[in-house]
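Using the working numbering, the final residue of the sequence shown is 505, and nothing's skipped along the way.
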Amino acid sequence: RLEKYVNINFMGFHKILKKHDKYCPANPCKAFYVARMHNQAWVRGDYSDVVVRLSSIYSTLRRDHVAQEAQDASQSFLRSTTKYWVKTEDVSRVKYAVLRHLPVFLQKTSTGESDSQLTNSVYLDNDQLELYHGRLDKLPGAIALRLRWYGAAEPQLVFVERKTHRDKWTGEVSVKERFTVKEEEVQQVMNNTYPIERNKAKMLEKGVTQAEADDWESLVNECNQVVETKQLVPTMRTQYMRTAFQIPFDATVRVSLDTNLCMISERGYDTKGNTVWHRDPSKTLAPNEITRFPHAVLEVKLELSGENAAPPKWVTDLQNSGMLYEVHKFSKFIHGCSTLLPDDVRCVPYWVDDASIRDSILASGGGKVLVRTDLDDTEGKKKYGKNVGAGP
């Protein structure tokens, strides 16, 4: 409704200015005002201010600022994570549907507060894409190792994150662990010269417990070891704007929405004597080095108590709204590698044959990973009629 209202107003102003210039040719003003309108956030489709204000209103009504009681540590929880594709035209509607029940996690910017934040992740792998294939095949213990930072500026603080896959039937859960390093220390992690003992001593001096310091040391050593033994190097970057929703002190429902998603190949960049670990953002990318994903990605994490616990009704309503298209185990890392490194992958994820993303894959030179590349839109919609890109 908001986008429709904006479009009506924009077209109204446009027609008024056109009429003005027609009847007052000596004093044209259409070009001036149209240029100014294009500089307005609401014309560019940026409704961040509106989302932030609405989120604050709903949060106040729900009294989200009141801390929830700590949950019993002995209580068992049923945890699940589901990923969905969201059409670009439905993003605003999905945001509104979620913020009515969960507050937006606000991001500080130079101009105030925003509902989203730029997120960069550089994934490591080797020439055989060993980590890619392990994650794609869901091998027990398969890991993903990435370097993550936030914001559009050059990274100052980098999160080294390790994700480990566990099969549910084993009773274990997949885990994500991470530690932080300064930007200039990333290369030390890459070549196994990171001063672990010195930094551990600093942590203990700051009051970190011995157990926490030992866990940190173990994680850093394990990451260093896997980088060295598997000869991991920067391979694939994912970049997107993330909007996060969660009630403080309550992990029952957590939602994230990633928009403007793209994947960039990190292979072949100028290492300058192993002092640079990611591409120079000022250099132009070739078409086969970047793929722009045509949909937003919504992730819903549920933590429910009791074996027969059901998700909140509003979550079920959103899932059944027709705006979400579940894509089981969708991975940005896997999609980027399969699309931009087609010569090196032995197998590809099932979703690459979805009609709605074919054009983006073909534009990036990844056509060989598709089942058929000679389908026009009509044939594609017939074959993939239930997919996101299908018509009504």
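Glycine included, each C-beta is placed from N, C-alpha and C at the ideal position.
Item	Value
Spatial neighbours of N401 within its chain, please: C-beta separation below 7 Å, excluding the five flanking residues on both sides.	L453, S477 and G478
From the DSSP secondary-structure annotation, give me the bridge partner or partners of M354.	L231 and T372
Output the distance between the C-alpha atoms of L260 and T365, rounded to the nearest integer angstrom.	28 Å
Could you pull out every unbroken beta strand (DSSP E) segment of at least 3 residues lying fully inside the region 256-314, listed in chain order?	256-263, 270-277 and 288-295
Using CA coordinates, which residue listed in P216, P138 and V165 is at the minimum distance from F362?	P216
Counting along the chain, where does the alpha helix (DSSP H) carrying E506 start and finish?	The question about residue 506 has no answer, for the chain in this structure spans 114 to 505.
Name the residue from F358, T351 and K117 whose alpha carbon lies nearest to the alpha carbon of C450.	T351
Given 8 Å as the limit, is there contact between the region 267-284 and the region 241-258, that is, 3 or more CB pairs closer than that?	yes
Would you check if there are 3 or more beta carbon pairs closer than 8 Å linking the region 320-328 to the region 425-443?	no
Output yes or no for whether 7 Å exceeds the beta carbon distance between M436 and V207.	yes
Given that a residue counts as buried once 16 or more other Cβ atoms are within 10 Å of its Cβ, and exposed if not, what is R405?	exposed
Just verifying my parser: in three-state terms, what is the DSSP assignment at D367?	The sequence as given places Arg at residue 367; Asp does not occur at that position. If DSSP states are grouped into helix, strand and coil, R367 belongs with the strands.
How would you write the range of the beta strand (DSSP E) that R149 sits in, first residue to last?	Here R149 belongs to no beta strand (DSSP E); instead the alpha helix (DSSP H) covers K143 to H151.
Note down, in chain order, each residue of its chain lying with its Cβ closer than 7 Å to the Cβ of L212, except the 5 sequence neighbours on either side.	V164, L167, S168, Y171 and F358
CB-CB under 7 Å to E285, same chain, minus the five flanking residues each way: which ones, in chain order?	R279
Under a three-way DSSP split, which group does M316 fall into?	helix
Please check the pair Y236 and F446, which I expect to be a contact at CB under 8 Å, by giving their CB distance rounded to whole angstroms.	5 Å
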